[in-house]
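When the letters of the sequence shown are read in order and numbered with our numbering, they come out as residues 54 to 478.
Comments concern the structure below.
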Amino acid sequence: MTEEKLSTFTAPKGTYDLLPPSSATFLAIRERIAAPARRAGYGYVETPVFEDVKLFSRGVGESTDIVSKEMYTLTTKGGDELALRPEGTASVLRAALQANLHKQGNLPVKLWYSGSYYRYERAQKGRYRQFSQVGAEAIGAEDPALDAELIILADDAFRSLGLSNYSLLLNSLGDKQCRPVYRAALIEFLAGLDLDEDTRRRAEINPLRVLDDKRESVQEQLVGAPMLRDFLCEECKAYDEKVRELLTANGVAFVDDPKLVRGLDYYTRTTFEFVHNGLGAQSAIGGGGRYDGLSEMIGGPALPSVGWALGVDRTYLALEAEGVDLDLPAATAVYAVALGEEAKNVLFAKVVELRRAGVATDLAFGVKSIKNAMKSADRSGARFALIAGDRDLAEGVVQLKDMSTGEQTPVALDALVTTLKEKQL
Ligand code: AMP
54 MTEEKLSTFT APKGTYDLLP PSSATFLAIR ERIAAPARRA GYGYVETPVF
104 EDVKLFSRGV GESTDIVSKE MYTLTTKGGD ELALRPEGTA SVLRAALQAN
154 LHKQGNLPVK LWYSGSYYRY ERAQKGRYRQ FSQVGAEAIG AEDPALDAEL
204 IILADDAFRS LGLSNYSLLL NSLGDKQCRP VYRAALIEFL AGLDLDEDTR
254 RRAEINPLRV LDDKRESVQE QLVGAPMLRD FLCEECKAYD EKVRELLTAN
304 GVAFVDDPKL VRGLDYYTRT TFEFVHNGLG AQSAIGGGGR YDGLSEMIGG
354 PALPSVGWAL GVDRTYLALE AEGVDLDLPA ATAVYAVALG EEAKNVLFAK
404 VVELRRAGVA TDLAFGVKSI KNAMKSADRS GARFALIAGD RDLAEGVVQL
454 KDMSTGEQTP VALDALVTTL KEKQL
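Structural data, given as structure tokens:
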């Protein structure tokens, strides 16, 4: 009865299981996205998957879909209001502030992270309720070179995976000097439009978000809207130009997108998004920007900062769309098949020895027929199979079979580990 019931469970809507063999690609994506950041001095940070709900409502912003519609919130038995993290930046900044990392050495504090994030979204391909991001944040410095560094690191990460069919969209959202002037002009413009109740409410909290509205009916009305680009103060303009200059000088192409606002309220100045051309509607494979006011919004000192988060799930889909196969080493290099009880004992010990010597080795368990066991050897992707029966053992050898050529040679048991090590598995 119980068994029958259990077998009907499936992963919750909007989630999926990572299973071999594609899970190996996921791990490799995470590692390769993080590698450029690690080489640039970013240290690993890990924070809890849940936080005080106010961290996100204050940090990410009440007007955002992420906070107003998509947060997984819960009240603990002790009465604490928590939320599963919908993004990484607010948590990472909270952790840095809590540990006073910004007081312990030179700024910026550079951190990278990798983990799962949760948003109650309308689930579809490329848009999940639990998804995976790798992120990087540089906290406490205002320097266009830092913005450029992060953008270049993200671009290097995508290139290192073999992706090329994507573009980088770039915009500046101004700062606390020039944005309010623009905001007022935009509010005046929006007041004259025919917007639905929901959009109007959003416009009241953060009018800039309306620019980002994907609906055709809204976009049509936005023709002629004032553009932030024309309102940027001298400092913001110069900052933006420097970032662009550094990107160009270092071979990173970008496209101006004056309407790029992104779904989080904390951005100031530089904002960017990487969009892939083979993914349909869910095309953003990563994004980020400068968030100079966030630290103060969550109770910290002024710490101008910049960062990004790249989507691992969508990067996987982008690799698929471009037909890129990551060149991953086979999980198993050697696969051992023992025929008979005595042979099993001897081979088992050799498998343990090989593993300890650093050779990825697996063993056929519960062998009923050599044919089946050899099929498993084949499926494992191993370069060599080790086969031993009682007769081989009596002669002190095992058979070493090259799985690609089918060639089989006896190797003395004593020489087995060195022989396989020499093959550089
Ligand atoms: P954001 O935190 O919204 O700036 O997202 C950064 C990146 O995370 C996006 O560019 C996507 O690649 C990825 N991402 C965000 N939301 C989802 C989701 N619901 N499902 C899959 N990937 C997501």
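The C-beta atom is built at its ideal place from N, Cα and C for all residues, glycine as well.
Everything numeric in this text was worked out from a predicted model, so none of it was measured.
Could you round the C-beta distance between L248 and L264 to whole angstroms and report it? I think they count as a contact, below 8 Å.
-> Incorrect: roughly 12 Å between the Cβ atoms, too far for contact.
If you draw a straight line from the C-alpha of L261 to the C-alpha of E269, how long is it?
-> 17 Å
Answer yes or no: do V314 and I82 have a C-beta to C-beta separation smaller than 7 Å?
-> no
By a C-beta neighbour count over all protein chains shown, 10 Å radius and 16 as the cutoff for buried, is P197 buried or exposed?
-> buried
Does the Cβ-Cβ distance between L221 and D310 come in under 7 Å?
-> no
Would you kindly work out how many angstroms separate the C-alpha atoms of A468 and V451, rounded to a whole number?
-> 10 Å
Residue range of the alpha helix (DSSP H) that includes E140 | Per DSSP, E140 belongs to no alpha helix (DSSP H) and is neither H nor E.
DSSP bridge partner residues for H329 (one or two, in chain order) = Y219
Should G304 be listed as close to ligand 1, given that the test is whether its C-beta is under 6 Å from any heavy atom?
-> Incorrect: G304 has no Cβ contact closer than 6 Å to ligand 1.
Would the beta-carbon of E395 fall within 7 Å of that of V470?
-> In this structure, V470 does not lie closer than 7 Å to E395 by Cβ.
Spatially closest choice to G459 from E448, V420, D345, D431, by CA coordinates | D431
Nearest-angstrom Cα distance between D228 and C289?
-> 7 Å
Identity of the residue in N398, L379, C286 nearest T321 by Cα | C286
Within 10 angstroms of its Cβ, does K454 collect 16 or more other Cβ (buried), or is it exposed?
-> buried
Under 7 Å between the Cβ atoms of A389 and I338?
-> Not closer than 7 Å, so no.
Whole runs of the beta strand (DSSP E) within the stretch 412 to 441, excluding any shorter than 3 residues | 414 to 416
Go ahead and pull the three-state DSSP assignment for R91.
-> Per DSSP, reduced to three states, the secondary structure at R91 is helical.
Return the residue from the list V328, T142, E174, L466 that minimises the CA-CA distance to K122.
-> E174
So does the stretch 373 to 383 actually touch the stretch 207 to 221, counting three or more Cβ pairs closer than 8 Å?
-> yes
With distances taken between CB atoms, is the gap from A148 to F109 smaller than 7 Å?
-> In this structure, A148 lies away from F109, with their beta-carbon atoms at least 7 Å apart.
I86 and V187: beta carbons closer than 7 Å?
-> yes
Please report the residue range of the alpha helix (DSSP H) in which E104 lies.
-> Segment 103 to 105 is the beta strand (DSSP E) holding E104; no alpha helix (DSSP H) there.
Residue from K474, E475, D445 with nearest C-alpha to Q461 = D445
For G339, which beta-bridge partners are listed by DSSP?
-> DSSP lists F327, L363 as partners of G339.
Can you say whether S348 is buried or exposed, counting buried as having 16 or more other CB atoms within 10 angstroms of its CB?
-> buried
Is the Cβ-Cβ distance between V98 and V145 less than 7 Å?
-> Cβ atoms of V98 and V145: closer than 7 Å.
What's the gap between the Cα of S116 and the Cα of E250?
-> 14 Å
Ordered list of beta strand (DSSP E) runs contained in the stretch 212 to 293, each at least 3 residues | 219 to 225
Among A438, Q335, Q151, the one whose alpha carbon lies nearest that of K424 = Checking every option, the nearest Cα to that of K424 belongs to A438.
Looking at V305 and I205, is the spacing between their C-beta atoms short of 7 Å?
-> yes
Compare the C-alpha of D318 against each of L226, A383, E202 and name the closest.
-> For D318, the closest C-alpha among the options L226, A383, E202 is that of L226.
With distances taken between CB atoms, is the gap from D209 to P89 smaller than 7 Å?
-> yes
When the Cα atoms are used, what is the spatial distance from S167 to Y95?
-> 12 Å
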